[in-house]
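Here the numbering used here = 1-based position in the sequence shown + 1010.
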Amino acid sequence: MLTFWLSALLASVVFAKAEWAASTVCAPNGICFEQYYNPVLNVTSGFALPLENDPEFPDELLMLHEFPLPYGYAGLRMGGLSDYAAHSLVVCIIFSDLFEAQTIPFNLSMARAEFVQPADNDVLTPLNLPQLSSTFSPILTVVDAVRGVGSATFIFRCQQCTAFLDYLAAAAAGGPATFTTLYSHTYPVYVDDARTLANVSSVGSAYQEITFDAGRARFANYSAMLEVAGLL
1011 MLTFWLSALL
1021 ASVVFAKAEW
1031 AASTVCAPNG
1041 ICFEQYYNPV
1051 LNVTSGFALP
1061 LENDPEFPDE
1071 LLMLHEFPLP
1081 YGYAGLRMGG
1091 LSDYAAHSLV
1101 VCIIFSDLFE
1111 AQTIPFNLSM
1121 ARAEFVQPAD
1131 NDVLTPLNLP
1141 QLSSTFSPIL
1151 TVVDAVRGVG
1161 SATFIFRCQQ
1171 CTAFLDYLAA
1181 AAAGGPATFT
1191 TLYSHTYPVY
1201 VDDARTLANV
1211 SSVGSAYQEI
1221 TFDAGRARFA
1231 NYSAMLEVAG
1241 LL
């Protein structure tokens, strides 16, 4: 089973100056997402939440992310670029080995990214933060690449996602929530021999902020969507 990880951001990123096009998109199989597409990055991010105060699914959501290939890593974090890293948990980071992305079949690295911050000597220092519990959909994870050129689409379920939902609740008090999508050709640097832990830097990456309306992303058929995605 593949896993998503936590990471943090460093400075010096490239801003994609284009607005996200937001729309509710439902596939024929019944899975729906409130989707945000950015034409400059060619990146799509989608969110699906259960109805508010649903006792069966109190602290979780479904997410969809589609990125062009090849890439070093791609992901989504809470907050805008101006937010300090310590207050901006990353919901997901997907690693892709650039060499592997140029071959057939495309492979995804199975690793955990450490939430990091720059120290005084510019060394990345891990932070001790909780790891979100997220798993890929075994059915609807689609990779379409010819010699590394194409796109990768990932659907996953984030459970024990209290940090994410608490952020939405706090943001709702002052207006819409803001997220930042990241896309980089720079591959994360592993810091252990087992290749299970890596540091992620956003230097040279492209990003785009999303203004997220949680109300539009709540679906009454959330349980059925989990079942179709093979995640129930």
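No residue lacks a Cβ here, since even glycine has one placed at the ideal position from N, Cα and C. This structure is a prediction, so every number in the text was calculated from the model and none was measured.
Query, Result
"In this structure, what does DSSP give as the bridge partners for G1056?", "Q1045, L1074"
"Taking 7 Å as the limit between beta carbons, can you name the residues of its chain near T1221, skipping five residues before and five after?", "P1186, T1188"
"Using the three-state DSSP reduction, which class does L1242 fall into: helix, strand or coil?", "coil"
"Once the 5 residues before and after L1241 are set aside, which same chain residues still bring their CB inside 6 Å of it?", "S1147, R1167"
"DSSP beta-bridge partners for F1221?", "Sequence check: residue 1221 is Thr here, not Phe. In the DSSP output, where bridge partners are listed per residue, T1221 has T1188."
"For H1075 and S1055, I'd like the C-alpha separation in whole angstroms.", "5 Å"
"Along the chain, where does the beta strand (DSSP E) that runs through G1085 open and close?", "1083-1088"
"So, helix, strand or coil for S1194, using DSSP?", "strand"
"Please return the same chain residues whose Cβ sits closer than 7 Å to the Cβ of E1062, not counting the five positions on each side in sequence.", "R1228"
"Where does A1230 fall in DSSP's three states?", "coil"
"Can you tell me whether F1067 is helix, strand or coil according to DSSP?", "coil"
"Beta-carbon within less than 8 Å of N1231's beta-carbon, same chain only, minus the 5 sequence neighbours each way: which residues are those?", "G1040, C1042"
"If distances are taken between C-alpha atoms only, which option among L1051, V1035, A1058 comes closest to F1174?", "A1058"
"Mind checking S1194: buried by the 16 CB within 10 Å criterion, or exposed?", "buried"
"Put A1216 into one of helix, strand or coil per three-state DSSP.", "strand"
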